[in-house]
Every structure is written in structure tokens, then in C-alpha cells.
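Asker: Dropping a structure here in C-alpha cells format, bear with me for questions.
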Ligand code: ZN
Ligand code: FE
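In the numbering used here, the protein residues as written are 540 to 782.
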């Protein structure tokens, strides 16, 4: 059996687009649709026929290309339930659901916090989890709809995946997150090493996504918070714009 292939590319100002392709079945999924034209161009360039869209949450920088891509490729849109529904949805998914890409299982994990319906997609055979706006490298999504308690539990579910699991975050926010992480956990060797490495990567124009479960367990200030209450305090502090 050949291996699942993941292709990642920048979209809009700071989003990433993701395609996952199964060479055996020919199936290809786009995870979120920040920019329909760019996703179409990238999948065409790869010679991959888009068969699926998996949405993490309703925000327009995650669903804006759904309709264009569905019209162009006739792909199946899997998205969490919401009123009004996410654009073009064919199959509503919720935490605990599983479906397949070819023969590869995909597990849906509910991660409320950033929005209430937010889900992430774990693909064990790819060692990958597409985490949307739940976890970022050194960061976490803003609490637009959910509570700190919900986000803390969502972090717990994602960071309970195998340590080497790659986390495909939907935005490149790392250097801003690094500044905040150093303000609250500065001096922690794992954090200082990670920040130095990420800064060098950004200078070379490289993405700091994906991160891994192991890296975020050791360095993410919202996990190092150690409790929902402290996660909430840190989130408010970061939102205050002082960092
Ligand atoms: Zn969002
Ligand atoms: Fe986003």
C-alpha cells in the first residue's frame, strides 16, 4: 500500500491550504477552503482530482472556497453541523465519527472553543491531524464562541494523540505566538530552543507548520498553563494586545 501524500501551501494573508491524496484510490481532500482558486490551481498542478472537502469550522477563511470547488469538481463536502449550515455541506460530521479516504480511516474529534462546532480531522495512517484554528504552533485559537474550559478540554484531546503526530494548523502565527510564549514561560529550555529554531525557519521563508503533539506539549503556553482557568487568563492577556 502506498503512502498518503500531504501538500501544503500558503493562502490569503496567513492561512495554509492543505490537500491530502491517496494514490491507491485517487481520492483527494482539501482541508478547509481559504481560497478556492488557489486550491484548484494547486490540486490541478499536482494532477490530483479533488473528491472531498473537510471543514473544521464555519469562518469564511475556512469555508470561502467550498461552493466554487464543489461546482468545479463535484466533490463531497463534510462539515460540522451549524445553523445556518456550512456552505455546500453534503455530510454533517461530529466528534466520534469516522469515515475513509480510500481505505484510510479519518477520525473526527470535536474541539469546541474557537467556535462551538469546531472539529479536527485525525488521519492515523498519515500520522497527521488537521487542527484548524484550535491549536497553532505555540498558540491557540481565540475564544470567539466557546469557553476556556472547552478549549482546555479540546487541547487535551488533540495533545493525547501519539507524540509524533503532525499537527497541521490553519495559520502561520508562530512568531507572534513566540513573543507571547516567551513573556509567560520565558527561560524554559524547550521553549527557547523552539523559538530559536522557528525564527531561523521564518528567516529562510519556511513554514513552521506542521508542528507535533510532542512539541506543543513541551512548549505551547496554553497547554503549559496547566488548567482551564490559567489558559483563559493567558488567552485574555494575549488578546489585550500587550504582546
Ligand atoms: Zn477561525
Ligand atoms: Fe482561521
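Glycine included, each C-beta is placed from N, C-alpha and C at the ideal position.
What you are looking at is a predicted structure, and each value in this text was computed from that prediction instead of being measured.
Between which two residues does the alpha helix (DSSP H) containing residue 755 stretch?
Answerer: Numbered from its first residue, the chain shown carries residue 755 at position 216. Unbroken alpha helix (DSSP H) run through residue 755: 752-758.
Asker: Which residues mark the beginning and the end of the alpha helix (DSSP H) in which residue 737 is found?
Answerer: Counting from 1 along the chain shown, the entry for residue 737 is found at position 198. It spans 728-742 - the alpha helix (DSSP H) in which residue 737 sits, taken as one unbroken run.
Asker: Could you spell out where the beta strand (DSSP E) holding residue 554 opens and where it closes?
Answerer: Residue numbering aside, residue 554 sits at position 15 when the chain shown is read from its first letter. 554-560 is the span of the beta strand (DSSP E), which, as asked, contains residue 554.
Asker: Do you know how far the Cα of residue 591 is from the Cα of residue 616?
Answerer: Residue numbering aside, residue 616 sits at position 77 when the chain shown is read from its first letter. Residue numbering aside, residue 591 sits at position 52 when the chain shown is read from its first letter. Computed Cα separation, rounded: 6 Å.
Asker: Any chance you could list the residues with Cβ under 6 Å from a heavy atom of the ligand FE, keeping chain order?
Answerer: Cβ atoms closer than 6 Å to the ligand FE belong to 598, 600, 601, 672, 709 and 710.
Asker: Using three-state DSSP, classify residue 681 as helix, strand or coil.
Answerer: Numbered from 1 along the chain shown, position 142 holds the residue referred to as residue 681. It is coil, neither helix nor strand.
Asker: What are the residues that DSSP puts in a beta bridge with residue 708?
Answerer: By one-based count along the chain shown, residue 708 stands at place 169. According to DSSP, which records beta bridges pairwise, residue 708 is partnered with 671.
Asker: Check for me: the alpha helix (DSSP H) holding residue 593 runs from which residue to which?
Answerer: Position 54 of the chain shown, counted from the first residue, corresponds to residue 593. Where residue 593 is concerned, there is no enclosing alpha helix (DSSP H), although the beta strand (DSSP E) it sits in stretches over 591-593.
Asker: Specify whether the region 640-652 and the region 559-572 touch according to this definition: at least 3 beta carbon pairs, one from each stretch, less than 8 Å apart.
Answerer: yes
Asker: Looking only at its own chain, which residues have a Cβ that is under 6 Å from the Cβ of residue 626, when we skip the five neighbours before and after it?
Answerer: Sequence index remark: in the chain shown, residue 626 carries index 87 (1-based). So the list reads 602, 605 and 606, once near-sequence residues are dropped.
Asker: From the DSSP output, in three-state form, read off residue 599 for me.
Answerer: Residue numbering aside, residue 599 sits at position 60 when the chain shown is read from its first letter. In the structure shown, residue 599 sits in a helix (DSSP, three-state: H, G or I).
Asker: In angstroms with no decimal places, state the Cα-to-Cα distance between residue 755 and residue 781.
Answerer: Here residue 755 refers to the residue found at position 216 of the chain shown. Here residue 781 refers to the residue found at position 242 of the chain shown. One C-alpha to the other measures close to 23 Å.
Asker: Quick one: residues in its chain with C-beta nearer than 8 Å to the C-beta of residue 718, no 5 flanking neighbours on either side, listed in chain order?
Answerer: Counting from 1 along the chain shown, the entry for residue 718 is found at position 179. So the qualifying residues of the chain are 782.
Asker: By how many angstroms is the C-alpha of residue 549 removed from the C-alpha of residue 672?
Answerer: For the purposes of this step, residue 672 is identified with residue 133 of the chain shown, where counting begins at 1. For the purposes of this step, residue 549 is identified with residue 10 of the chain shown, where counting begins at 1. So the two alpha carbons sit approximately 15 Å from each other.
Asker: With DSSP run on the structure shown, which of helix, strand or coil describes residue 719?
Answerer: Counting from one through the chain shown, the residue named residue 719 turns up at place 180. Here residue 719 sits in helix by DSSP.
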